[in-house]
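Let me begin by presenting the structure, written as structure tokens, before commenting on it.
Here it is, written out as structure tokens:
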């Protein structure tokens, strides 16, 4: 028995003791002030039911159906140059990137997990892909934060552009220090995954036009799936609701954790320090109510929190990838880089886009706030329009990335 094997039981015992002690302290904190803990959990529940559930449910169902019908594989072929040359990831991951940019986390990780379960990519590739596609929902940025919190839709669009640019730059930066995930087999990859990578390598040869190869990949993927539409619809709804229930549990738990952390452990730091560290939506609302900083700095902090997304969102994405315990360091590092880029880009854009975002400065408070209002914002009434907007965004992103891929292919 080597030293690593001997140290494993001690490490597990230490982790068990620490987690048990943390859970016991959390229970004591909740019992000492049950009313405020209940209000925090209700805030998380309303956030999940009014915003997260209606924003993600229809899109997750459509993602499952479109993946089964081969759209993911066809779009992956179209985005092959971008994924391989820019992000050093498998070509088939293009659909996960578009899913994450359109539906937000953990939809990108959900798609990456499905691709790994089907043997199309290895676990490490799925982890990198989940990290790349970890974006905040555009509906949350534009409607909930821009319109609902800041009362200025133009601010939401600026935040969304900065969020996407910073995420792409973070993935590209870290991709410079990682070799392309291709070549010899790696531990944990099954035979089917290796065969799929070999087939993808062969299909990369420009023997046929790009659109024909994309159509062929979509047809082949549909034949491999083979489920009838009725069974596919039932499986899609079941899997999507199960994922959303898991997300709701994380949001409720971290809403209470943010309350306890801000009250007992970080009482002298700004409210958004604890809430932004744990849960993005709560942190965004606390930044709006914060004082002591200029509007530009507060907007930059808001961009940074969107890039970080919160530990709750990290666990939501990583929990979908079974056996991804060794990937969390890379995932957290990319979130930190994303947050840093978002903060700097917003400060850099403050002057050239000032005429668009200057009307939102009154939304940030300049005096202490006595009693915070209960922020309630629901997307249920706009569900059909929301689905149409997400579909239009998917088409736009596919066309945009397709044009970029064509440009990269011609320059090779």
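In the UniProt record's numbering, the protein residues as written are 1 to 412. Every residue gets a Cβ at the ideal spot worked out from N, C-alpha and C, and that includes glycine. Since the model is a prediction, treat every value here as computed from it, not as a measurement.
- Looking only at 331, 62 and 288, the smallest Cα-Cα distance to residue 170 is reached by 331.
- CA-to-CA, the gap between residue 345 and residue 31 works out to about 43 Å.
- Taking a C-beta distance under 8 Å as the contact criterion, residue 109 and residue 317 qualify as a contact pair.
- Spatial neighbours of residue 44 in its own chain (CB-CB distance under 6 Å, excluding positions within 5 residues in sequence) are listed in chain order as 251, 252 and 255.
- Here DSSP, grouped into helix, strand and coil, assigns residue 116 to helix.
- For residue 125, the enclosing alpha helix (DSSP H) stretches over residues 123-132.
- Residue 88 holds the alpha-carbon nearest to the alpha-carbon of residue 128 among 35, 163, 244 and 88.
- Per DSSP, residue 153 is one residue of the alpha helix (DSSP H) stretching across 153-175.
- Here residue 285 carries a helix assignment [DSSP, helix/strand/coil].
- Counting along the chain, residue 263 sits inside no alpha helix (DSSP H), nor does DSSP assign it H or E at all.
- Taking each of 50, 23 and 55 in turn and checking the Cα distance to residue 240, the smallest one comes out for 55.
- Around the C-beta of residue 81, 16 or more other C-beta atoms lie within 10 Å, and the residue is accordingly described as buried.
- Contact fails between the stretch 301-312 and the stretch 56-64, because fewer than three Cβ pairs, one in each stretch, are under 8 Å apart.
- Using a Cβ distance threshold of 8 Å, residue 40 and residue 259 count as a contacting pair.
- Spatial neighbours of residue 37 in its own chain (CB-CB distance under 6 Å, excluding positions within 5 residues in sequence) are listed in chain order as 30 and 256.
- Under the three-state reduction of DSSP output, residue 79 falls in the coil class, being neither helix nor strand.
- Nearest C-alpha to residue 75 among 64, 91, 85 and 230: 91.
- Contact annotation, residue 73 with residue 321: C-beta distance approximately 20 Å; criterion of less than 8 Å not satisfied.
- Membership of residue 219 in the alpha helix (DSSP H) is indicated by the continuous run 210-225.
- Your pair residue 288 and residue 308 does not check out as a contact, with CB atoms roughly 17 Å apart and the cut at 8 Å.
- Within the same chain, 98 and 102 come within 7 Å of residue 394 by CB-CB distance, once the 5 residues on both sides are set aside.
- DSSP, reduced to helix, strand and coil, places residue 329 within a helical segment of the structure shown.
- Selection 284, 397, 403 and 350 evaluated against residue 146 yields 284 as nearest (Cα-Cα).
- The C-beta separation of residue 277 from residue 310 comes to about 7 Å, placing the pair in contact by the 8 Å criterion.
- Straight through space, the alpha carbons of residue 21 and residue 135 are spaced by roughly 33 Å.
- Assignment of residue 310 by DSSP, reduced to helix, strand and coil, places it in the coil class.
- Ranking 112, 342 and 400 by CA distance to the CA of residue 162 puts 342 first.
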